[in-house]
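Visitor: Positions 1 to 294 (the UniProt record's numbering) are the ones given, in order, by the sequence shown.
Don't be surprised by glycine CBs; every beta carbon is placed ideally from N, CA and C.
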Amino acid sequence: MDHFPSGGLVYFLSGARILARLERGARVEVLERLEGDWWRVRAGDPPVVGYVHRLVLSPGEPAVPGPPLRPLPPPPPAQDAAPADQAPKKPGPGGIGFAGVGLFAPDARDSFDAVGITGNLLAFGGGVEATRVYRQLFVRGSVDWSGETGERVFLDDAGGRYPLGIPLDIRMVPIDFTAGWRFDGAPGTRRRVVPYIGGGAGVLLYRESDEFEEEDETVDDTFASYHVLGGVDVYLQPRFAIRAEFRYRAVPGALGDSGVSAVTGDTSLGGAVFFVGGCVRPIGRSGMPKMLEC
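Next comes the structure, spelled out in structure tokens:
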């Protein structure tokens, strides 16, 4: 039975490809009524077989004879798929290097003040980081260094401070191992601002010495440490980002047994550190997003 489009344009579909257009009133021969809303039809001169939606067809005579079927221009030839070795690579694990400078605010504030080291200590640090170990998981290792020179003092039980005039050098080298999560979106995305959080453990190398003491009197200890951190990377260009990071490190039980800290009551060599620095392009795999995962 012949049908006629009830209005507007309809499309012939064959394998989800548009074959041609029908104007209102064009004669359509229904070949098969399929389950659902699509019918197989034949129309045009020369005839073209395809599919149209049943709601645009109505039986009967057209009010005004419609124009013939207008074929579409042939589709462009399909392009061959890119060779496997030229296909885009899925971003995978990568590595970066980073370094920075910051300020260290020690928990043992009273003990540092007592030996003449006031204010915050300058700290330097750097390390390497592996990104996308699993999704946005990263792991890294880092080493920091901070130190200052004060002087040896004697504190009595009443809190009296008596400088001894002997320079005292204090050096601290934290070695940290961290795991964390970067909020950098799906693989291949570009974000100029990428926050991250993490935590981990490590060791603190602590040395305390002066020029007059015997070698066996030098304090040279290693303590276990624990830390949490959070920061943000801001990309200035595809291969470089500025990094700002806050880190808190706990080193329990490192002080308090003797010396100045036994009087002040300080027990930890930990504290808060605020770093500002930079990180550079990935090392290793080339399948990283163009906006680097720093």
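Do the CB positions of residue 324 and residue 117 come within less than 8 Å of each other?
Guide: The first residue shown for the chain is 1 and the last is 294, placing residue 324 beyond what the model contains.
Visitor: Identify, in the order they occur along the chain, each residue of the same chain with its Cβ nearer than 7 Å to the Cβ of residue 185, setting aside the five sequence neighbours on each side.
Guide: Around residue 185: 191.
Visitor: With a CB to CB cut of under 7 Å and the five nearest residues on each side skipped, what residues in its chain are close to residue 211?
Guide: Only 167 meet the Cβ criterion.
Visitor: Kindly provide the ranges of any alpha helix (DSSP H) runs that are 4 or more residues long and lie completely inside the UniProt domain "Outer membrane protein beta-barrel" (92–251), ordered along the chain.
Guide: Within the UniProt domain "Outer membrane protein beta-barrel" (92–251), the complete alpha helix (DSSP H) runs of at least 4 residues are 109–114.
Visitor: Whole angstroms are fine: how far does the CA of residue 221 sit from the CA of residue 257?
Guide: About 13 Å.
Visitor: Compare the C-alpha of residue 227 against each of 202, 101, 129 and 34 and name the closest.
Guide: Answer by Cα proximity: 202.
Visitor: Measuring straight from C-alpha to C-alpha, what distance separates residue 41 and residue 52?
Guide: The straight-line gap from Cα to Cα measures roughly 7 Å.
Visitor: If contact is defined by three or more beta carbon pairs under 8 Å, each pair taking one atom from either stretch, is the stretch 94–112 in contact with the stretch 257–269?
Guide: Output reads yes: the stretch 94–112 touches the stretch 257–269.
Visitor: Let me know if residue 254 comes out buried or exposed under the rule of 16 or more other beta-carbons within 10 Å of its beta-carbon.
Guide: Buried, because 16 or more other Cβ atoms sit within 10 Å of the Cβ of residue 254.
Visitor: Just the C-alpha distance for residue 94 and residue 137, rounded to the nearest angstrom, thanks.
Guide: Taking the straight line from one Cα to the other gives about 11 Å.
Visitor: Which residue from 119, 125, 34 and 31 puts its Cα closest to that of residue 246?
Guide: For residue 246, the nearest C-alpha among the options comes from 125.
Visitor: In the DSSP assignment, find the alpha helix (DSSP H) that holds residue 48 and state where it starts and stops.
Guide: Taken as a continuous stretch (DSSP letters only), residue 48 belongs to no alpha helix (DSSP H), being part of the beta strand (DSSP E) at 48–53.
Visitor: Would residue 240 pass as a contact of residue 269 if the rule is Cβ separation under 8 Å?
Guide: Their beta carbons are not under 8 Å apart, which means residue 240 does not touch residue 269 by this criterion.
Visitor: Please return the same chain residues whose Cβ sits closer than 7 Å to the Cβ of residue 43, not counting the five positions on each side in sequence.
Guide: Excluding sequence neighbours, residue 43 sits near 22, 26, 27, 28, 29 and 69.
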